[in-house]
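Trainee: Here the sequence shown stands for residues -17 to 339, where the numbers follow our numbering. Here you go, one structure.
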Amino acid sequence: MRALTTLAVATLMVGCGSLPTAEPKPTVALPERFTSQSAPAQAERLDPWWQTFGDAGLTKAVEQVLAQNLELEQARLRVEQSRALADQARTRNLPRLELGASASANRLSAQTAQGSALGFDRTTSSWGADVTATWEADFFGRVKASVAAEAARTQASAAEAAGLALSLSAETARRVIELRSLQAQGRLADEAVQLEQYLVSLVEARLRGGLVTQADVLRARAQLQSTVASRERLKAAKADALQALAVLLAATPAQAAGVGGESALPEPEGLEVFAKTPAQVLANRPDVAAAEFRLAAASADLAAIAAERFPRVNLLASVGLAAASLSSLGTTEAMLANLAPKHSWRALDFGDLEAAV
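Given below as structure tokens:
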């Protein structure tokens, strides 16, 4: 056992002797906030900024879209998937322990040389139990870099989910506010039609009194028809706005009208300015944060691939029992042990690794 350990250590020293000992660094220099894993955990959380408008219909519409949108649900599930992959990657730093048990029974044919030599005792059996531990010594940071890459991808997927939620809420709020604007214009158009109808009746009365001509009556009627046509165009635009809102809500236009309701144009009382400079705008955008984390993940992937230039060291140890009968399995003579350190290094790959880097 001592000779085997000495041989493994000597092989490792020979393999590392001609290689630099520094941990490989990514070729892309990243700011600290790109590579640090202290990103805000609330990347998926979206502040209910739409509530500052004080419009119950707008709030209801946005919350319904965020609750039932399937693309957003897919994005949230991708976040859960990324977290699971990150948890899986973190286990690569830890030893693995496997428990095993086996039993077998064999009967040899008497028509074979081995079976005929055994005579009547051609049936054999074996019993075994073992515990095996394996661990990769991450001397050169390959496993650590892959763990960092998965963690960055988790943050990127969370930022992408937040970006999609922000886009959906903004689009819904825009549609509701557009509907509110058309509703307000429709009310003004109704008042304008009533006013034009009153003016037509007034001009017709003046015509009967001989105070105006027929041309004045025709002009007033034409103005009424123009106002009525404008009101109809507003009704068509309102129907289009309801249809667009219905698509977001996955509902019929009638159901969308029930969700949106009828209200005046919302006043953004207390709506704070989220950013005052272009830099603050970029810092608050989820898509920019997602791009930053994807860049961090790519950088960590590059470090993991570059670490393949260095040797790998794997340690394997196992202890167990093996016997020809179940009653003999618990004796000291049935004990066995194995220690197998393994060292591997790409000495020649014809540029495959460099191409990967």
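Beta carbons: idealized from backbone N, C-alpha and C, even for Gly.
Is it buried or exposed for A337, if we count other Cβ within 10 angstroms and need 16 for buried?
Mentor: Classification for A337: exposed.
Trainee: Within its chain, find whatever has a CB closer than 8 Å to the CB of R267; leave out the 5 residues flanking it on each side and keep chain order.
Mentor: Closer than 8 Å at the Cβ level, and outside the excluded window around R267, lie G145.
Trainee: What alpha helix (DSSP H) runs, 4 residues minimum, are completely inside the region 220 to 275?
Mentor: For the region 220 to 275, whole alpha helix (DSSP H) runs of length 4 or above, ordered along the chain, are 235 to 242, 260 to 266.
Trainee: Anyone know if the C-beta pair for L79 and V113 falls short of 8 Å?
Mentor: Their beta carbons are under 8 Å apart, which means L79 touches V113 by this criterion.
Trainee: Which residue spans inside the region 31 to 60 form an unbroken alpha helix (DSSP H) run of at least 4?
Mentor: DSSP runs (the alpha helix (DSSP H)) wholly in the region 31 to 60: 38 to 50.
Trainee: Kindly confirm or deny that the region 136 to 154 and the region 303 to 319 touch, where touching means at least three C-beta pairs closer than 8 Å.
Mentor: With the cut-off at 8 Å, the region 136 to 154 and the region 303 to 319 do not touch.
Trainee: Smallest Cα separation from S107: which of Y180, A119, A85, A127?
Mentor: When each option's Cα is compared against that of S107, the closest is A85.
Trainee: If R74 and S139 are in contact, beta carbons under 8 Å, what's the gap, nearest whole angstrom?
Mentor: With a Cβ gap of about 20 Å, R74 and S139 do not count as contacting.
Trainee: Leaving out the 5 sequence neighbours to the left and right, which residues in its chain are closer than 7 Å to V270 when beta-carbon positions are compared?
Mentor: Around V270: L264.
Trainee: Using the beta-carbon count (16 or more within 10 Å), is K220 buried or exposed?
Mentor: So K220 counts as buried.
Trainee: For C(-2), which of helix, strand or coil comes out of DSSP?
Mentor: Low confidence applies here, because C(-2) scores a pLDDT of 42, under 50, leaving its location unreliable and the question unanswered by this model.
Trainee: Do E118 and R291 have their beta-carbon atoms positioned less than 8 Å apart in this structure?
Mentor: Against a cut-off of 8 Å, the Cβ pair of E118 and R291 comes out as no contact.
Trainee: Taking only beta-carbon atoms, is E132 less than 8 Å away from chain C?
Mentor: Note that chain C does not occur in the displayed structure, where there is just one protein chain.
Trainee: To the nearest whole angstrom, what separates the beta carbons of G123 and A83, a pair I think is in contact under 8 Å?
Mentor: G123 to A83, Cβ: 37 Å. No contact.
Trainee: Is H325 helix, strand or coil when you go by DSSP?
Mentor: H325 falls in the strand class under three-state DSSP.
Trainee: Alpha carbon to alpha carbon, how far is D29 from Q201? Give it in angstroms, no decimals.
Mentor: This sequence places Arg at residue 201; Gln is not what is there. Answer to the nearest angstrom: the Cα atoms are 54 Å apart.
Trainee: Please list the terminal residues of the continuous alpha helix (DSSP H) segment that includes L150.
Mentor: Run containing L150: 124 to 190, per the alpha helix (DSSP H) assignment.
Trainee: Is it buried or exposed, Q50, if we count other Cβ atoms within 10 angstroms and call 16 or more buried?
Mentor: With fewer than 16 other Cβ atoms within 10 Å, it is exposed.
Trainee: Taking its Cβ as the centre, do 16 or more other Cβ atoms sit within 10 Å of M(-5), making it buried, or is it exposed?
Mentor: With a pLDDT of only 41 at M(-5), under the threshold of 50, the placement of this residue in the model should not be trusted; the figure read from the coordinates follows. By the neighbour-count rule (16 or more Cβ atoms within 10 Å), M(-5) is not buried but exposed.
Trainee: Who are the Cβ neighbours of G243 in its own chain at under 6 Å, not counting the five residues just before and after it?
Mentor: Here the set comprises G39.
Trainee: Return helix, strand or coil for T(-12), following the three-state DSSP convention.
Mentor: Unreliable placement is indicated for T(-12), whose pLDDT of 46 sits below 50; no coordinate value is reported for it.
Trainee: For the candidate residues A246, E53, R190, whose alpha-carbon lies nearest to that of R169?
Mentor: Nearest of A246, E53, R190 to R169, Cα basis: A246.
Trainee: Taking the alpha-carbon positions, what's the T116 to V125 distance?
Mentor: Roughly 15 Å separates the two Cα atoms.
Trainee: What first and last residue would you give for the alpha helix (DSSP H) that runs through R331?
Mentor: One point to set straight first is that residue 331 is Asp, not Arg, in the sequence displayed. Counting along the chain, D331 falls outside any alpha helix (DSSP H), and DSSP gives it neither H nor E.
Trainee: Tell me which same chain residues have a C-beta within less than 6 Å of the C-beta of L230, skipping the five on either side of it?
Mentor: Excluding sequence neighbours, L230 sits near V47, T154.
Trainee: Please report the Cβ distance between A130 and T105, rounded to the nearest whole angstrom; I am assuming they are in contact, meaning their Cβ atoms lie under 8 Å.
Mentor: Not confirmed; about 56 Å, so no contact.
Trainee: Exposed or buried, what is Q262 when buried is set at 16 or more other beta-carbons lying within 10 Å of its beta-carbon?
Mentor: When all chains shown are included, Q262 counts as exposed.
Trainee: The beta strand (DSSP E) spanning T106 covers which residue range?
Mentor: Where T106 is concerned, the enclosing beta strand (DSSP E) stretches over 105 to 119.
Trainee: May I ask you to report which of helix, strand or coil DSSP gives A306?
Mentor: DSSP places A306 in coil when its eight states are reduced to three.
Trainee: Give the straight-line distance between the Cα atoms of T313 and L284, rounded to the nearest whole angstrom.
Mentor: Taking the straight line joining both Cα atoms gives about 52 Å.
Trainee: Considering only the alpha carbon of each residue, which of A279, N296, E178 lies closest to W327?
Mentor: Ranking the options by Cα distance to W327, first place goes to N296.
Trainee: Could you have a look at S84 and say whether DSSP puts it in helix, strand or coil?
Mentor: Strand.
Trainee: CB-CB under 6 Å to T136, same chain, minus the five flanking residues each way: which ones, in chain order?
Mentor: So the list reads S64, R65, A68, once near-sequence residues are dropped.
Trainee: Measure the Cβ-Cβ separation of A272 and A141 and say whether it is below 8 Å.
Mentor: Their beta carbons are under 8 Å apart, which means A272 touches A141 by this criterion.
Trainee: Assign S300 to one of three DSSP states: helix, strand, or coil.
Mentor: S300: strand per DSSP, three-state reduction.
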